[in-house]
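Below you'll find the structure, written out as structure tokens, and then a few comments.
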């Protein structure tokens with residue numbers, strides 16, 4: 044089974060900052076990590092490869108430093124890493140991002156299965172995976188919590204729902220987005236780390252994938268942030284201290300005038 048797993052380098056949520064001039068996320072000087080949901084997608088891809096054979100290619104779109112998450116993916120079992128990187132991609136929304144990733148897949152070669160994390164923690168839109176599937180005209184399932192069955196022509200999965208789960212059978216090739224419940228990501232071995240350090244990360248620019256300028260980056264993004272601001276504090280605020288019982292007494296005293 045040939046699998047492509049999409050991974051994204053994201054800023055650590057505790058260090059997120061916004062550029063007030065461009066209204067986009069500022070990544071300079073911010074520690075970056077692999078998107079946690081993508082880590083689970085990677086683990087599932089490697090497990091499927093170990094059980095059914097084939098290969099796993101990790102694909103990422105981002106600045107040059109995003110190569111580090113691809114090396115991390117290789118250390119955890121991916122066979123190769125491909126980085127799509129170009130200044131022209133900066134500021135891309137989910138529409139432009141899905142377009143770019145699909146163009147990259149058309150360039151490097153398709154797969155039986157494409158795996159993505161449910162969403163990225165820096166945007167929380169959960170739109171890129173479905174957007175890719177729609178562009179490619181293939182079936183997809185979001186919020187997958189378990190892979191039940193894999194055959195040459197189809198796959199059966201469990202889709203997480205608010206009141207349980209659905210069992211979905213869909214033909215291959217297909218695309219899945221996964222949730223954290225699907226597995227427990229492995230810790231890379233020393234051998235894996237050595238292999239990742241030596242691995243050559245293939246880098247593709249906009250011209251390499253044949254991306255059209257009007258569909259990429261900020262210019263190709265129909266949704267853009269027009270204003271960023273911190274909400275003004277409203278009402279009086281009071282911080283309670285002491286033991287739990289003391290804090291409860293303070294809260295009750297504070298609420299009594301409104302009863």
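Residue numbers (this note's numbering): 44 to 302. We put the beta carbon where it would ideally sit given N, CA and C, even for glycine.
- By the Cβ criterion, the segment 167-175 is in contact with the segment 137-150, since at least three pairs of Cβ atoms, one from each stretch, lie closer than 8 Å.
- Within a 10 Å sphere around the beta-carbon of residue 260 sit 16 or more other beta-carbons, which makes this residue buried.
- In this structure, the alpha-carbon of residue 202 lies about 44 Å from that of residue 279.
- For residue 293, the CB contacts under 6 Å within the same chain, skipping 5 residues up- and downstream, are 283 in chain order.
- Your pair residue 160 and residue 81 checks out as a contact, with CB atoms roughly 4 Å apart and the cut at 8 Å.
- For the pair residue 85 and residue 101, the CB atoms are nearer than the 8 Å cut-off.
- Distance from the CA of residue 262 to the CA of residue 180, rounded to the nearest whole angstrom, comes to 25 Å.
- In its chain, beyond the 5 residues on either side, 88, 91, 92, 97, 98, 99, 100, 154, 155, 156, 157, 158 have a beta carbon closer than 8 Å to the beta carbon of residue 46.
- For residue 94, the uninterrupted alpha helix (DSSP H) run begins and ends at 79-95, by DSSP.
- Taking the C-beta atoms as reference points, residue 136 is found no nearer than 8 Å to residue 220.
- Taking residue 200 as reference, the option from 194, 206, 207, 211 with the minimal CA-CA separation is 211.
- Nearest in C-alpha terms to residue 205, of all of 268, 186, 228, is 186.
- Residue 230 and residue 76 have their C-alpha atoms roughly 15 Å apart.
- Assignment of beta-bridge partners to residue 208 by DSSP yields 203.
- DSSP places residue 234 in the uninterrupted alpha helix (DSSP H) bounded by 233-241.
- Around the beta-carbon of residue 197, fewer than 16 other beta-carbon atoms lie within 10 Å, marking it exposed.
- Around the C-beta of residue 237, fewer than 16 other C-beta atoms lie within 10 Å, and the residue is accordingly described as exposed.
- In the displayed model, residue 175 falls within a helix according to three-state DSSP.
- Per DSSP, reduced to three states, the secondary structure at residue 248 is coil, with no helix or strand assignment.
- DSSP places residue 220 in the strand class (E or B) of the three-state scheme.
- From the listed residues 53, 83, 296, 52, the smallest Cα separation to residue 223 is found for 83.
- Annotation: the segment 131-197 contains the following complete segments of the beta strand (DSSP E) (minimum length 3 residues), in chain order: 156-160, 183-194.
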